[in-house]
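Listed in order, the protein sequences are those of chains A and B.
Quick note: the first sequence uses my numbering, first residue 4, plus one each step.
Quick note: the second sequence uses my numbering, first residue 89, plus one each step.
Every residue, glycine too, gets a C-beta built ideally from N, C-alpha and C.
Being a predicted model, the structure only gives us computed values, none of them experimental.
These notes concern the structure reproduced below.
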Amino acid sequence: MIPPAFEYFRPTSIPEAIALLQQHGDEAKLLSGGQSLIPMMKLRLARPGFLIDINSIAGLSYIKEEGGFLKIGGLTREAELEASPLVQTKYALLMDTATVIADPQVRNLATVGGNLAHGDPANDHPATMIAFAAQIVATGAKGERVIPIEDFFVTLFTTALKHDEILTEIRIPAPPPPPLKTGGAYLKVERKVGDFATAAVAVQLTLDGAGAVQKVGIGLTNVGPTPIKARKAEDFLRGKKPDAAALAQAAQLASEQAEPGSDLRGPADYKKGLVKELTKRGLSRALERAGTSK
Amino acid sequence: MARKQQVKITINGRASEALVEPRTLLVHFIRESAGLTGTHVGCDTTNCGACTVILNGKTVKSCTMFAVQANGAEIMTVEGLMKDGQLHPLQEGFKQEHGLQCGFCTPGMLMSSLALLQKNPHPTEADIRWGISGNLCRCTGYQNIVKAVQYAAGKLNAAAQGGSK
């Protein structure tokens with residue numbers, strides 16, 4: 004399958020890319036890893052007349068801790084997350100997620116920024132970033148602005164990014180120092196490697212010195228028109244000791260917030276059941292990891 | 089409407105140049121412009137991995153990249169494996185262990201296996217299965233492919249040890 008014809012640009016700076024976006028308006032689209040966009044172009048689900056390839060812009064690929072955040076450049080490849088000792092040792096939720104996105108070849112090209120900017124609720128990073136309470140940095144003609152992740156996903160394939168903005172950085176709050184304990188996990192049920200999730204749940208939590216839940220984030224993948232923040236479950240858990248009864252109730256609340264449709268991956272009720280079980284297991288794993296970290 | 093662009097890609101050490109439409113997929117450049125038909129188009133939807141090549145050291149699905157994106161890149165395809173008339177240990181492994189039946193997925197399997205062994209010369213069975221998880225085979229049930237990669241790993245490691253003495 005050959006996509007429809009388009010003009011191709013390969014800018015080498017952010018201002019140049021933004022100028023091209025402004026010049027070509029709605030017909031222009033950014034090309035990052037291309038692992039969602041190119042398949043969609045082949046299927047004529049996307050028909051950009053102008054493709055602006057941002058892969059030659061230097062300085063957009065990095066993973067570093069700075070100012071209380073893990074900062075990830077928008078062009079950072081998924082495979083780079085997997086290979087990062089920082090991610091491996093301190094950000095278990097992110098590591099879990101990076102290893103179940105698509106397959107090894109796709110992860111060599113696919114970018115973290117693209118995974119989010121695509122606005123697909125079936126992608127894995129959106130729920131993860133919701134659980135982390137991450138921030139999105141968008142760069143436009145007038146400079147940068149910071150968008151809290153909970154305001155980022157507007158509707159199916161639509162984010163808060165303006166047409167002439169580029170997602171340049173993701174900021175994940177660094178785990179707080181001891182005696183606070185932090186853990187996270189991403190649990191995904193997929194039919195086979197490379198498939199989108201039938202359902203998946205991202206959990207990130209912090210316990211205070213007394214062992215009560217101080218902070219908790221729960222994000223749900225592919226069970227609604229946008230990635231879902233399981234706010235009711237989060238509110239319920241905050242301030243409580245995370246015993247078995249509390250986890251079960253939180254899992255029930257998360258499944259009630261899911262709004263899956265029935266499709267080839269399964270009926271809606273089954274997916275709600277999955278969310279419930281995955282939330283319970285995700286919380287348990289996050290707690291285990293919080294306990295074993297310093 | 090779209091202007092054609094001059095693209096130069098080094099494939100298996102030899103430069104290939106062509107004037108292509110931006111929408112030309114990398115796999116079509118490799119097969120039609122460079123004339124290297126070992127790389128296969130399978131599903132054409134980023135699932136099967138038959139079109140896998142190694143681009144600047146990393147495996148990619150060449151049906152999910154435009155040739156213009158690879159301008160200036162170095163690529164290795166299945167044709168780059170054989171040296172001086174000798175099969176690469178991976179090719180030999182696939183032959184000895186019956187790692188293929190119809191052979192359609194094999195070029196992609198070989199590229200993913202090569203990238204795996206370059207990164208991890210002593211893979212476990214689980215590592216091998218992970219390494220080829222982006223490649224589908226409808227014939228073998230994967231068992232013999234795993235054995236083939238183990239065969240190649242053994243042979244490469246023996247050669248490396250012999251060489252270091």
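Between residue i and chain D, is there a C-beta pair that is closer than 8 angstroms?
i                    : result
lysine 171 (chain B) : Of the chains in the structure shown, none is chain D; the protein chains are A and B.
Using a C-beta cutoff of 8 angstroms, does residue i count as contacting chain A?
i                       : result
proline 110 (chain B)   : yes
threonine 140 (chain B) : yes
valine 254 (chain B)    : This structure does not reach residue 254 (chain B), given that chain B is present from 89 up to 253, and the question cannot be answered.
threonine 98 (chain B)  : no
valine 148 (chain B)    : yes
glycine 222 (chain B)   : yes
alanine 90 (chain B)    : yes
glycine 229 (chain B)   : no
lysine 253 (chain B)    : For lysine 253 (chain B), the pLDDT reaches just 47, beneath the cut-off of 50, and the residue's location in the model is therefore unreliable, leaving the point undetermined.
valine 152 (chain B)    : The sequence shown places threonine at residue 152 (chain B), rather than the valine named in the question. So, interface residue.
glutamine 206 (chain B) : no
glutamine 93 (chain B)  : yes
Under 8 angstroms, Cβ to Cβ, is there at least one residue of chain B near residue i?
i                      : result
proline 42 (chain A)   : yes
methionine 4 (chain A) : yes
proline 107 (chain A)  : yes
glutamate 10 (chain A) : yes
valine 196 (chain A)   : yes
glutamine 91 (chain A) : no
serine 16 (chain A)    : no
If you count every other CB in all the chains shown that lies within 10 Å of the CB of residue i, and 16 or more means buried, which is it?
i                        : result
proline 270 (chain A)    : exposed
lysine 207 (chain B)     : exposed
serine 201 (chain B)     : buried
asparagine 144 (chain B) : exposed
serine 258 (chain A)     : buried
proline 245 (chain A)    : buried
alanine 261 (chain A)    : buried
leucine 169 (chain B)    : buried
cysteine 190 (chain B)   : exposed
valine 108 (chain B)     : buried
glutamine 138 (chain A)  : buried
leucine 267 (chain A)    : exposed
What separation, rounded to the nearest whole angstrom, lies between the Cα atoms of residue i and residue j?
i                       : j                        : result
alanine 248 (chain B)   : glutamine 238 (chain B)  : 15 angstroms
lysine 149 (chain B)    : lysine 145 (chain A)     : 37 angstroms
valine 109 (chain A)    : threonine 162 (chain A)  : 23 angstroms
threonine 102 (chain A) : alanine 289 (chain A)    : 17 angstroms
alanine 251 (chain A)   : proline 51 (chain A)     : 46 angstroms
alanine 213 (chain A)   : arginine 292 (chain A)   : 17 angstroms
threonine 134 (chain B) : cysteine 151 (chain B)   : 7 angstroms
aspartate 106 (chain A) : alanine 200 (chain A)    : 13 angstroms
alanine 61 (chain A)    : glycine 77 (chain A)     : 11 angstroms
leucine 244 (chain B)   : glutamine 179 (chain B)  : 12 angstroms
glutamate 69 (chain A)  : histidine 166 (chain A)  : 29 angstroms
glycine 222 (chain A)   : glutamine 26 (chain A)   : 37 angstroms
glycine 181 (chain B)   : threonine 194 (chain B)  : 12 angstroms
histidine 210 (chain B) : alanine 240 (chain B)    : 10 angstroms
threonine 229 (chain A) : leucine 175 (chain B)    : 50 angstroms
lysine 298 (chain A)    : alanine 86 (chain A)     : Shown here, chain A extends from 4 to 297; a query on residue 298 (chain A) therefore has no answer.
glycine 220 (chain A)   : tyrosine 189 (chain A)   : 12 angstroms
threonine 147 (chain B) : valine 141 (chain B)     : 6 angstroms
lysine 243 (chain A)    : asparagine 126 (chain A) : 31 angstroms
leucine 34 (chain A)    : lysine 191 (chain A)     : 27 angstroms
glycine 196 (chain B)   : glycine 160 (chain B)    : 22 angstroms
Comparing C-alpha positions only, which one of the options sits nearest to residue i?
i                           : options                                   : result
methionine 98 (chain A)     : A:Ile231, A:Gly122, A:His128 and A:Leu267 : A:His128
alanine 247 (chain A)       : A:Gly187, A:Lys283 and A:Asp154           : A:Lys283
leucine 312 (chain A)       : A:Lys45, A:Ser39, A:Leu78 and A:Phe135    : Only positions 4 to 297 of chain A appear in the structure, and residue 312 (chain A) is not among them; the question remains open.
alanine 233 (chain A)       : A:Ala213, A:Asp198, A:Lys243 and A:Gln207 : A:Gln207
glutamate 147 (chain A)     : A:Thr171, A:Leu281, A:Pro42 and A:Asp106  : A:Thr171
isoleucine 57 (chain A)     : A:Lys93, A:Leu112, A:Asp29 and A:Leu183   : A:Leu112
glycine 71 (chain A)        : A:Lys165, A:Gly117 and A:Lys93            : A:Lys93
glycine 222 (chain B)       : B:Val108, B:Leu114 and B:Cys139           : B:Cys139
leucine 159 (chain A)       : A:Asp211, A:Pro124, A:Ile152 and A:Leu73  : A:Pro124
leucine 32 (chain B)        : B:Gly101, B:Pro110 and B:Gln184           : Absent from the structure is residue 32 (chain B), since the part of chain B shown begins at 89 and ends at 253.
leucine 119 (chain A)       : A:Ile5, A:Ile169 and A:Asp238             : A:Ile169
threonine 114 (chain A)     : A:Leu40, A:Phe156, A:Pro176 and A:Gly186  : A:Leu40
aspartate 16 (chain A)      : A:Gln38, A:Ile55, A:Ala31 and A:Pro42     : Before going on, a small fix: residue 16 (chain A) reads as serine here, not aspartate. Considering only alpha carbons, the answer is A:Ile55.
phenylalanine 239 (chain A) : A:Ala253, A:Gly227 and A:Val226           : A:Ala253
Selection of the segment 101-129 of chain A by Cβ proximity to chain B, strictly under 7 angstroms:
Asp106, Pro107, Gln108, Val109, Asn111 and Leu112
Members of the segment 47-75 of chain A that neighbour chain B once the beta carbon cut-off is set at 9 angstroms
Gly52, Leu54, Asp56 and Asn58
Proximal residues, the segment 29-40 of chain A versus chain B, C-beta separation under 7 angstroms
Gly37 and Gln38
What residues from the segment 177-201 of chain B come within 8 angstroms of chain A, judged by C-beta to C-beta, listed N to C?
Ser200
Using a Cβ cut-off of 7 angstroms, which residues of the segment 120-140 of chain B contact any Cβ in chain A, in chain order?
Asp132, Thr133, Thr134, Asn135, Gly137 and Thr140
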